[in-house]
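Visitor: Dumping the structure here so I can ask a few things about it.
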Amino acid sequence: MTNAIETVGLAKSFGGTRALAGVDLAIREGSVYGLLGPNGAGKTTTIRILTTLIRPTGGSATVLGHDVVREAKQVRRKVSLTGQYASVDEDLTGHENLVLVGRLLGLSWKTSKQRAEQLLEAFGLLDAGGRQVRTYSGGMRRRVDIAASLVVVPEVLFLDEPTTGLDPRSRNQVWELVRQIAAQGTTVLLTTQYLEEADRLAERMAVIDHGRVIAEGTSRDLKSSIGTNSLRVRLGSADARPRALELVTSIVGEGVLPGQEPLEITARVESQTQAARVLVALGEASIEIAQFAVGDPSLDEVFLALTGKPADEPKAEAKS
Amino acid sequence: MSADTLPTGDRMRELLSMRAPAHPASSLSSIVTLAWRAMLKIKHVPFQLFDVTITPIMFTLLFTYIFGGAIAGSPGEYIQYLLPGIVVQTIVFITVYTGVGLNTDIQKGLYDRFRSLPIWQPSPLLGMLLGDVFRYAMATSLIIGLGLILGFRPAGGVLGVLAAVGLVLVFAFAMSWLWIIIGMLVRTPESVMTTSFVFLMPLTFASNIFVGLDTMPGWLQTLVGNNPVTFLADAARKLMHGEPAGPEVVRVLIATAIVFGVAAPIAMRLYRKER
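Protein chains in written order, with the numbering used here: chain A, 264 to 583; chain B, 35 to 309.
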């Protein structure tokens, strides 16, 4: 199997701050790969190096066999980037934005225009195509941005947090699109803070924290690697939650996950026996239980186990 | 692209079958394309153009009718002196929008897209400047048109006026590079504006755009006399009125070359540098 992307000891410092501290990746051609991690972990920095926008300060990276520093131009010919913020011209119409990209990629005026219309139609933007992008909703902007990355279908598509800030419906649409793009043979590297997103889309993923890969593999690999089960308790009433939390914590210790919905408690348990002890304790305290389940850990729990903090905890560090 | 309208099967395969052409756009073609983008912006946001021409129009009217008599004997006399200078002032002010536009593009992430495309790296800057020069030319026509209505009668005729405008545009092109530098250094489009006005106010007012040097104190004469904007206003005035302007034009061209020679390489360095 050939790899579309390979990095060895990739490092990057901005002034005195180390954004990447030696990242090794091997991403198979034609796959969807997820880079997972909190803000400031180094996901965007990795993508910016791979798309030749910035240079690494250590290590090396190749995209489709081309070194990202020495053969930047060859890399640029084969990749597209959709950044965290819609990188389209807001003053121009959706149609004009797509024609602009087509022309810059070397398509004729005629082909660029045809291609723009084709993409607008496919992305449900035909009616909006003649309006300035500044009048678009968030979901529409993201669509036009992704469309701009597909004017010429790249061999590798980079999506930096493609669904951040999108409503669930738009998010589903982007997911569906990513699947279709990958099905046509394009390698997709996407970064995300949403573990669900990586779980659903990516065949393999790397969890990055503090500029290092702290875990790599399929979502199943990651889940089994932490060697624990996930316990999910749904309470009969929210009033009982504080007391129930107390009980669960006294049995499982550090494994309780915060930030869940009012009726639910999720925790990591080491064994079925430990889970049973929780059930007994809740029963003895006469706390009404609507649902009780032990299963594979979710990626949120994996993340907590790996990093010692939940994935959605906001960090004060600047985005890199 | 609601999930139900997202194309599937053969249609999707067709949509995703567009591969890269054998060659990406040439340098020239990418510059032209990006200049086209700048023109579209003028079309979609014409306000930017009026925004910067309204002040010169007010200045022309104010100075001509209020101070004209006192400065030059009559408004009709004064506008012959003032108008070429106002053209210079207008264009010098508009050049700031190059920096503002660039800064906006960078903040919006648009330059990331340009820089990740297989195009000649300076072409986004050059394309933008080409579009801006067109914008300068439009603003110039507006001011000269107003001048003609108010009684401006350039003795140099059409050729003289065109020569003057051409010279102003060349200078403006060089000067834009200064704002490109600022556009890349500061954080917001608003601060490009404020930063550049710190330079622009003295540059345009400590010049002979409004009045000649003779009534200024000696030290100020030295300062104003060596201001490139003064050179440009002198040259524009003489060209428009058909007077011999050889030395003035040469001085402007030297100033232009210096500004360009210093600012453009710094701007390109900053541009290549990562953000």
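Glycine included, C-beta positions come from ideal geometry on N, C-alpha and C. This one's a predicted model, so the numbers in the text were calculated from it and none came from an experiment.
1) Provide the residue(s) that pair with Asn-492(A) in DSSP beta bridges, ordered along the chain.
2) Starting from Tyr-112(B), trace the alpha helix (DSSP H) in both directions and tell me its first and last residue.
3) Name the two residues that bound the continuous beta strand (DSSP E) containing Thr-265(A).
4) When you compare only the Cα positions, how much space is there between Val-296(B) and Leu-219(B)?
5) Ser-150(B) lies in the beta strand (DSSP E); which residues open and close that run?
6) How far does the beta strand (DSSP E) with Gly-285(A) in it reach, from first residue to last?
7) Any idea what DSSP makes of His-57(B), helix, strand or coil?
8) Closest to Leu-237(B) by C-alpha separation, out of Gly-217(B), Val-226(B), Met-209(B) and Ser-225(B), would be which residue?
9) Can you give the beta carbon distance from Thr-454(A) to Glu-424(A), rounded, assuming they're within the 8 Å contact cut?
10) How would you label Asn-492(A), buried or exposed, when you count the other beta carbons within 10 angstroms and need 16 or more for buried?
11) Could you compute how far the alpha carbon of Ile-471(A) sits from the alpha carbon of Gly-279(A)?
12) Can you tell me whether Asn-260(B) is buried or exposed, with buried defined as 16 or more other CB within 10 angstroms of its CB?
13) Within 10 angstroms of its Cβ, does Gln-447(A) collect 16 or more other Cβ (buried), or is it exposed?
14) So who's on the other strand from Gly-297(A), going by DSSP bridges?
15) So Thr-315(A) contacts chain B; which residues on that side make the cut at Cβ distance below 8 Å?
16) Assign Lys-272(B) to buried or exposed, taking buried as 16 or more other Cβ atoms, counted over all protein chains shown, within 10 Å of its Cβ.
17) From what residue to what residue does the beta strand (DSSP E) around Leu-344(A) run?
18) DSSP three-state call for Asn-558(A): helix, strand or coil?
19) Do Thr-229(B) and Asn-137(B) count as a contact pair if the criterion is CB distance below 8 Å?
20) Mind the definition here: the stretch 511-520 of chain A touches the stretch 455-471 of chain A only if three or more C-beta pairs lie below 8 Å; say whether that holds.
21) Given this structure, state the Cα-to-Cα distance separating Leu-422(A) from Thr-309(A), to the nearest angstrom.
22) Would you mind working out which of Val-134(B), Ala-269(B), Gly-135(B) and Met-52(B) sits nearest Val-195(B), comparing C-alpha positions?
23) So, with DSSP's three-state summary, where would you put Gly-181(B)?
24) If I'm right that Ala-276(B) touches Gly-185(B) with Cβ under 8 Å, what's the distance once you round it to whole angstroms?
25) Between the C-alpha atoms of Leu-494(A) and Ala-538(A), what's the straight-line distance to the nearest angstrom?
26) Alpha carbon to alpha carbon, how far is Lys-373(A) from Pro-577(A)? Give it in angstroms, no decimals.
27) Could you check if Met-235(B) is buried or exposed, using at least 16 other CB atoms within 10 Å of its CB as the buried criterion?
28) Can you tell me whether Asp-502(A) is buried or exposed? The criterion is at least 16 other CB atoms within 10 Å of its CB, across all chains shown.
29) Rounded C-beta distance between Leu-49(B) and Ala-385(A)? I'm assuming under 8 Å.
30) Which of helix, strand or coil does DSSP assign to Val-414(A)?
31) If contacts are defined as beta-carbon pairs under 8 Å, then Leu-420(A) and Ser-412(A) qualify, I think. What distance do you get, rounded to the angstrom?
32) Do the CB positions of Thr-129(B) and Thr-87(B) come within less than 8 Å of each other?
33) Would Leu-368(A) pass as a contact of Pro-58(B) if the rule is Cβ separation under 8 Å?
34) Rounded to whole angstroms, what's the CA-CA distance from Val-348(A) to Asp-146(B)? Just pull it up for me.
35) Within the 8 Å Cβ cut-off, does His-57(B) reach chain A?
36) Are the C-beta atoms of Gly-393(A) and some chain B residue less than 8 Å apart?
Guide: This is what the structure gives:
1) According to DSSP, residue pairing for Asn-492(A) in a beta bridge involves Val-532(A).
2) It spans 109-128 - the alpha helix (DSSP H) in which Tyr-112(B) sits, taken as one unbroken run.
3) From DSSP, Thr-265(A) is part of no beta strand (DSSP E); its letter is neither H nor E.
4) In a straight line, the C-alpha of Val-296(B) is about 16 Å away from that of Leu-219(B).
5) For Ser-150(B), there is no enclosing beta strand (DSSP E), as DSSP marks it with neither H nor E.
6) 280-291 is the span of the beta strand (DSSP E), which, as asked, contains Gly-285(A).
7) In the three-state scheme derived from DSSP, where H, G and I count as helix and E and B as strand, His-57(B) is classed as coil.
8) It is Met-209(B) whose Cα lies nearest to the Cα of Leu-237(B).
9) With 8 Å as the limit, Thr-454(A) and Glu-424(A) qualify as a contact, their Cβ atoms being about 6 Å apart.
10) Taking every protein chain shown into account, the CB of Asn-492(A) has 16 or more other CB atoms within 10 angstroms, so this residue is buried.
11) Cα to Cα, Ile-471(A) sits roughly 20 Å from Gly-279(A).
12) Burial call: exposed.
13) Exposed is the call here.
14) Partner(s): Leu-453(A) and Met-468(A).
15) The contact set of Thr-315(A) on chain B, defined by CB atoms closer than 8 Å, consists of Arg-149 and Ser-150 in chain order.
16) The residue is buried, with at least 16 neighbouring Cβ atoms inside 10 Å.
17) Per DSSP, Leu-344(A) belongs to the beta strand (DSSP E) from 342-345.
18) Reading off the sequence, residue 558(A) comes out as Gly, not Asn. In the structure shown, Gly-558(A) sits in a strand (DSSP, three-state: E or B).
19) Not closer than 8 Å, so no.
20) With a cut-off of 8 Å, the stretch 455-471 of chain A and the stretch 511-520 of chain A do not count as touching, because too few Cβ pairs lie within range.
21) Going from the Cα of Leu-422(A) to the Cα of Thr-309(A) covers about 12 Å.
22) Nearest neighbour of Val-195(B) by Cα position, chosen from Val-134(B), Ala-269(B), Gly-135(B) and Met-52(B), turns out to be Ala-269(B).
23) Three-state DSSP puts Gly-181(B) in a helix.
24) The displayed chain sequence assigns Gly, not Ala, to residue 276(B). Contact between Gly-276(B) and Gly-185(B) is absent: CB atoms are separated by about 17 Å, not below the 8 Å threshold.
25) Taking the straight line joining both Cα atoms gives about 7 Å.
26) Residue placement at Pro-577(A) cannot be trusted, given a pLDDT of 44 that sits under 50; the coordinates are not used to answer.
27) Result: exposed.
28) Label assigned to Asp-502(A): exposed.
29) Their Cβ separation, rounded to whole angstroms, is 5 Å, which keeps Leu-49(B) and Ala-385(A) in contact under 8 Å.
30) Note: Val-414(A) maps to coil in three-state DSSP.
31) Ser-412(A) and Leu-420(A) do touch by the CB rule: their CB atoms are close to 6 Å apart, below 8 Å.
32) At least 8 Å separates the beta-carbon of Thr-129(B) from that of Thr-87(B).
33) Cβ distance < 8 Å, so Leu-368(A) and Pro-58(B) count as in contact.
34) In the sequence as presented, Val is not what sits at residue 348(A); that position holds Tyr. Approximately 10 Å, taken between the alpha carbons.
35) With its beta carbon less than 8 Å from one in chain A, His-57(B) belongs to the interface.
36) With its beta carbon at least 8 Å from every one in chain B, Gly-393(A) lies outside the interface.
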